[in-house]
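Asker:
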Amino acid sequence: MFLPLEYIKYRWNAKGRHGIHSPFVYDFTDNCLRIQLSKADKDELSKRFRALARDQREIEIQDFGAGSKKLGNTRKISLIFRMSSSRGKYGELLYRLSKHYAPDSILELGTSLGIGSTYLNLGNTESILTTVEACKNTRSIAQESLSKKKNIESVLSTFSDFIAHLPKEKQFDLIFIDGHHDGAALLEYLDQLQAHAHDETLFILDDIRWSNSMVSAWEKIVADSRFHLSMDLFRVGIVARRSHQQKEHFVIRY
Numbered sequence: 130m131f132l133p134l135e136y137i138k139y140r141w142n143a144k145g146r147h148g149i150h151s152p153f154v155y156d157f158t159d160n161c162l163r164i165q166l167s168k169a170d171k172d173e174l175s176k177r178f179r180a181l182a183r184d185q186r187e188i189e190i191q192d193f194g195a196g197s198k199k200l201g202n203t204r205k206i207s208l209i210f211r212m213s214s215s216r217g218k219y220g221e222l223l224y225r226l227s228k229h230y231a232p233d234s235i236l237e238l239g240t241s242l243g244i245g246s247t248y249l250n251l252g253n254t255e256s257i258l259t260t261v262e263a264c265k266n267t268r269s270i271a272q273e274s275l276s277k278k279k280n281i282e283s284v285l286s287t288f289s290d291f292i293a294h295l296p297k298e299k300q301f302d303l304i305f306i307d308g309h310h311d312g313a314a315l316l317e318y319l320d321q322l323q324a325h326a327h328d329e330t331l332f333i334l335d336d337i338r339w340s341n342s343m344v345s346a347w348e349k350i351v352a353d354s355r356f357h358l359s360m361d362l363f364r365v366g367i368v369a370r371r372s373h374q375q376k377e378h379f380v381i382r383y
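For the sequence shown, counting from 1, position 236 maps to 365 in the working numbering; every step adds exactly one.
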């Protein structure tokens, strides 16, 4: 549900690696974004994708966010898969981030069918991934594959309840927010999660141009003085506190 004008603005402002002078961002574009998936990882993803694309089971969806209401509450798994935003190059982005930065602990808000979770896990199987989903039926489908993997903890909970019950000392190195799709909710989650992030924690924000409210939220996040680094990859935004550097914003061609 991307806005055409936003895409035009993005393409106009986007830069490749040769237009970037920040060492961190240059490394991100020159090294992280160039990581290729291994054949074994590609094969595993393809096998799972084929199974989901052919799955004609219907499940009842509990949508706690601002997702599409036109599809109804009962949906085929194959349809949910086709609507997934964590496939293709943005799924590969998750893989690359996980592999390049090798986070010890990852938090994913919004498991859905477990596609993003799989990319994150394959990128670094040693990372401890906690993935949160509020709909028990989609979580159940995700668990058919995720339960076979090591270092993945699947939690059935709303995002707010999960964050509220996190131990005070719990911190994550990478946080992927892919759910709700409401600007006000995104800002609230981001605020709540600051207590569980450190100066180098990467926040990966999906669907930043899903709606006007998400675009507005992204603009506020970019302007937020807490985040000294922000990167716009059109559908995905990445921010980090990185208080030791001057505040910078980059629009990255991806």
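No residue lacks a Cβ here, since even glycine has one placed at the ideal position from N, Cα and C.
Owing to the predicted nature of the structure, the values given are computational and were not obtained by experimental measurement.
Could you check if residue 169 is buried or exposed, using at least 16 other CB atoms within 10 Å of its CB as the buried criterion?
Answerer: Flag for residue 169 reads exposed.
Asker: Check this for me: beta carbons of residue 372 and residue 328, under 8 Å apart or not?
Answerer: Yes, Cβ-Cβ distance for residue 372 and residue 328 is below 8 Å.
Asker: Measuring alpha carbon to alpha carbon, tell me which residue in 303, 325, 257 is nearest residue 283.
Answerer: Taking only the C-alpha atoms, the option nearest residue 283 is 257.
Asker: Going by DSSP, what residues sit across from residue 261 in a beta bridge?
Answerer: 238, 284, per the DSSP bridge assignment.
Asker: Within a Cβ cutoff of 7 Å, which residues of the same chain sit near residue 312, ignoring the five residues on either side of it in sequence?
Answerer: Closer than 7 Å at Cβ, skipping near neighbours: 342, 343, 345, 346.
Asker: Quick check on residue 145: buried or exposed, where buried means 16 or more other Cβ atoms within 10 Å of its Cβ?
Answerer: By the neighbour-count rule (16 or more Cβ atoms within 10 Å), residue 145 is not buried but exposed.
Asker: Given a threshold of 16 other Cβ atoms within 10 Å of its Cβ, counted over all protein chains shown, does residue 339 qualify as buried or as exposed?
Answerer: So residue 339 ends up on the buried side.
Asker: Can you tell me whether DSSP reads residue 144 as helix, strand or coil?
Answerer: Strand at residue 144.
Asker: For residue 331 and residue 362, I'd like the C-alpha separation in whole angstroms.
Answerer: Each residue's alpha carbon lies about 14 Å from the other.
Asker: Could you check the C-alpha separation between residue 158 and residue 165 for me, to the nearest Å?
Answerer: Looking at the two C-alpha atoms, the distance is approximately 13 Å.
Asker: Identify, in the order they occur along the chain, each residue of the same chain with its Cβ nearer than 7 Å to the Cβ of residue 351, setting aside the five sequence neighbours on each side.
Answerer: Only 359, 378 meet the Cβ criterion.
Asker: Could you give the distance in angstroms between the alpha-carbon of residue 323 and the alpha-carbon of residue 356?
Answerer: Distance between the alpha carbons of residue 323 and residue 356: 11 Å.
Asker: Identify every residue that forms a DSSP beta bridge with residue 334.
Answerer: Per DSSP, 306, 366.
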